Amino acid sequence: MSRTIRPRHDRSSRSDTQTGRAHRPPGDGRPAHGAPSPSSPVSAFRDLDLPQALLTALRNQGVTTPFPIQAATLPDTLRGRDVLGRGRTGSGKTLAFGLALLARTAGRRARPRQPLALVLVPTRELAQQVTDALTPYADAVRLRLTTVVGGLSLSRQANALRHGAEVVIATPGRLADLIDRGDCDLSRVDVTVLDEADQMADMGFLPQVTGLLDQVPAEGQRMLFSATLDRGVDRLVRRFLNDPLTHSVDPPAGAVTTMEHHLLHVAESDKQDAAAHIAARDGRVIMFVGMKHAADRLARRLRSSGVRAAALHGGRTQSQRNRTLEAFHAGDVTVLVATNVAARGIHVDDLDLVVNVDPPADHKDYLHRGGRTARAGRSGTVVTLVLPGQRREMERLMSAAGITPHSTRVRPGDGELVRITGARTPSGVPVPTASSDARTASRRDGSRTSSRRGSAARSRVALPR
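In this text, residue positions in the sequence shown follow the UniProt record's numbering: the first is 1, and each later residue adds one.
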């Protein structure tokens with residue numbers, strides 16, 4: 001059966017009564033001459049041409065006021081325009097693209113193996129979190145979501161696609177595998193989103209992303225969200241986005257006024273004890289190290305000193321990573337020792353401290369790490385432990401990031417270390433391994449399951465609305 005090709009800016013095959021939006025002729029909203037002009041931001045979701053079911057779902061979820069990136073982009077994306085959104089992690093990008101994608105897909109039904117909308121993300125964790133964030137809204141407009149990521153059952157994901165899913169949220173590698181097997185066909189995708197495109201570039205995914213976008217119809221709508229436009233992201237924009245409207249409403253991470261940055265200068269002999277004192281604080285913390293083996297080693301050392309710590313890195317299976325995250329969500333683990341790649345896409349509500357035990361390689365890694373805290377207007381602190389030989393490189397890195405940090409020389413037990421991080425002396429009583437904690441968190445009797453899920457939903461890692 002041949003596929004009807006719709007004009008690029010009138011992609012809806014649905015009636016006005018199905019969508020709740022007025023029909024718009026091709027090219028509407030596009031200036032006749034000169035650069036494209038973005039629409040004016042809105043102050044409330046009710047000012048947007050959203051289906052009533054989505055407005056009701058927003059109210060039910062307690063989402064009343066759009067974040068700046070949502071208020072800026074939604075008027076254009078709901079009209080079918082290609083959009084380039086530039087904003088840091090935690091700016092509310094998920095609903096910025098998610099509401100438009102769902103509104104423009106509502107009322108349609110996917111054929112087996114042929115989704116209608118696609119969201120590409122760099123990591124498995126981010127894919128799951130986007131799915132979790134969009135599920136209540138997809139349910140409201142009766143759209144089926146499926147998550148396609150590596151590390152989980154390929155046959156189960158293929159089966160979901162065979163049954164039909166309007167929206168696929170995927171990492172590039174696993175989606176490419178399913179396409180090669182004949183389990184997925186992108187020829188009917190009308191809306192495509194690239195989320196955290198700069199991170200996909202950092203992780204070497206751009207060739208796969210390019211190959212996937214080549215399979216999506218050229219007349220479809222594209223939305224790309226990225227903190228920066230270098231490392232090949234600009235080439236994606238030029239090749240795949242058609243006269244995109246650019247929205248950059250958030251300050252760079254270094255300019256976020258609710259985030260404090262501290263360089264804590266420590267002697268090499270004091271570094272591990274300083275990290276242990278910080279980890280023993282009251283509250284959750286993510287600690288970054290450079291290598292997988294370093295994450296395992298630090299997590300073991302922290303547990304032996306009495307801190308409930310677990311390592312998260314790419315050397316663990318997906319099920320192990322899921323158990324670790326579940327334990328972190330539930331509070332059974334309070335310190336996550338992570339590498340850069342493993343922690344990308346992990347968005348934790350109310351996390352107020354990030355510690356660079358090993359300094360990052362460059363300023364962009366610093367900003368990505370720091371983006372785990374001070375999210376959605378909340379306050380947060382980023383601390384970097386700096387050895388004497390690392391001082392000059394860290395000064396250059398902070399300058400490149402546009403950050404003027406506070407610099408303090410500290411030792412374990414110092415009052416300044418306590419003031420800045422809430423550090424405490426570890427108990428010295430060894431705690432069980434992270435895997436034991438995770439198994440305990442997931443092994444609940446039936447009478448407690450539903451209440452536990454409700455509690456976990458409130459404390460779990462979540463993308464901003």
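Cβ atoms here follow ideal geometry from the backbone N, Cα and C, with glycine treated the same way.
None of these values were measured; they are calculated from a predicted model.
Proximity to residue i [Cα-Cα], best of the options
i: L95; options: I286, F45, R239; result: F45
i: A338; options: D350, H368, D362; result: H368
i: M291; options: V285, A299, R284; result: A299
i: M398; options: G422, P360, D414, L78; result: P360
i: G232; options: S427, T324, D198; result: D198
i: D270; options: L417, L84, G422, G80; result: L417
i: D234; options: T421, L54, L84; result: L84
i: K93; options: S248, L212, S153, G164; result: S248
i: V335; options: R396, A310, E326; result: A310
i: R281; options: L263, L302, H262, H261; result: L302
i: G211; options: E219, R239, V191, L229; result: R239
i: V355; options: A275, G389, G182; result: A275
i: V307; options: D273, S153, P217; result: D273
Opening and closing residue of the beta strand (DSSP E) in which residue i lies
i: L263; result: 259-265
i: G85; result: 83-86
i: L101; result: Segment 93-105 is the alpha helix (DSSP H) holding L101; no beta strand (DSSP E) there.
i: G380; result: 380-386
i: F288; result: 285-288
i: S407; result: 406-409
i: L245; result: 245-248
i: L120; result: 117-120
i: L336; result: 335-338
Endpoints, the alpha helix (DSSP H) within which residue i is located
i: A295; result: 292-304
i: V418; result: 415-421
i: T324; result: 318-330
i: T73; result: 68-77
i: T135; result: 124-140
i: A279; result: 271-279
i: L48; result: No alpha helix (DSSP H) holds L48; DSSP gives it neither H nor E.
i: L397; result: 391-401
i: V237; result: 233-240
i: L367; result: 363-370
Same chain, Cβ closer than 6 Å to residue i, five either side skipped, listed in chain order
i: C184; result: R113, L161, L178
i: L353; result: V285, T381
i: E166; result: T105, A110, L116, L143, R144
i: L236; result: none
i: E268; result: L387
i: D350; result: none
i: R409; result: H265
i: E196; result: P122
i: F97; result: V193, M223
i: I420; result: H262
i: L213; result: F240
i: L134; result: G98
Between the CA atoms of residue j and residue i - distance to the nearest angstrom
i: K364; j: G62; result: 33 Å
i: T146; j: P51; result: 22 Å
i: R86; j: V431; result: 42 Å
i: L194; j: F225; result: 6 Å
i: M223; j: P412; result: 47 Å
i: L99; j: D132; result: 14 Å
i: L385; j: S187; result: 50 Å
i: P26; j: F205; result: The pLDDT assigned to P26 is 34, lower than 50, so where the model puts this residue is not dependable; a value taken from the coordinates is nonetheless given after this. Each residue's alpha carbon lies about 33 Å from the other.
i: G422; j: A201; result: 36 Å
i: S304; j: P426; result: 10 Å
i: Q221; j: N60; result: 29 Å
i: R378; j: H277; result: 24 Å
i: T404; j: G370; result: 14 Å
i: H23; j: S39; result: With a pLDDT of 31 at H23, under the threshold of 50, the predicted position of this residue should be treated as unreliable, though the coordinate-derived value follows. If you take the alpha carbons of H23 and S39, they lie about 18 Å apart.
i: S91; j: Q70; result: 9 Å
i: E326; j: V191; result: 32 Å
i: P31; j: E219; result: A caution first: P31 carries a pLDDT of 37, below 50, which makes its placement in the model unreliable, though a value can still be read off. Answer to the nearest angstrom: the Cα atoms are 19 Å apart.
i: H163; j: R156; result: 11 Å
i: A438; j: G428; result: With a pLDDT of 42 at A438, under the threshold of 50, the modelled position of that residue is not reliable, and the figure given next carries that caveat. Answer to the nearest angstrom: the Cα atoms are 21 Å apart.
i: V383; j: M287; result: 9 Å
i: Q159; j: Q215; result: Position check: residue 159 holds Asn in this sequence, whereas Gln was assumed. Cα to Cα, the separation comes out at about 21 Å.
Same chain only: Cβ atoms within 8 Å of residue i, ignoring 5 sequence neighbours per side
i: V289; result: A295, L298, V337, A338, T339, V357, D358
i: Q208; result: P172, G173, A176
i: G151; result: R124, T317, Q318, S319, R321
i: A170; result: L118, V119, L120, V121, A127, T147, V148, V149
i: V341; result: T123, M203, H313, G314
i: R424; result: H277, A280, R281, D282, V418
i: R393; result: First, the amino acid is wrong: residue 393 is Glu here, not Arg. If we look at E393 and ignore the five residues flanking it on each side, its Cβ neighbours are P359.
Sequence-distant residues of the same chain with beta carbon closer than 7 Å to residue i, five excluded per side
i: L48; result: V42, L74, P75, L78
i: A138; result: L102, L145, V167
i: A401; result: G254, H363, Y366, L367
i: A140; result: A53, L54, T56, A57
i: S407; result: L263, H265
At 4 residues or longer, what runs of the alpha helix (DSSP H) sit wholly inside the region 152-231? Secondary structure remark: continuous alpha helix (DSSP H) runs of at least 4 residues inside the region 152-231, in chain order: 154-163, 172-180, 197-202, 206-213.
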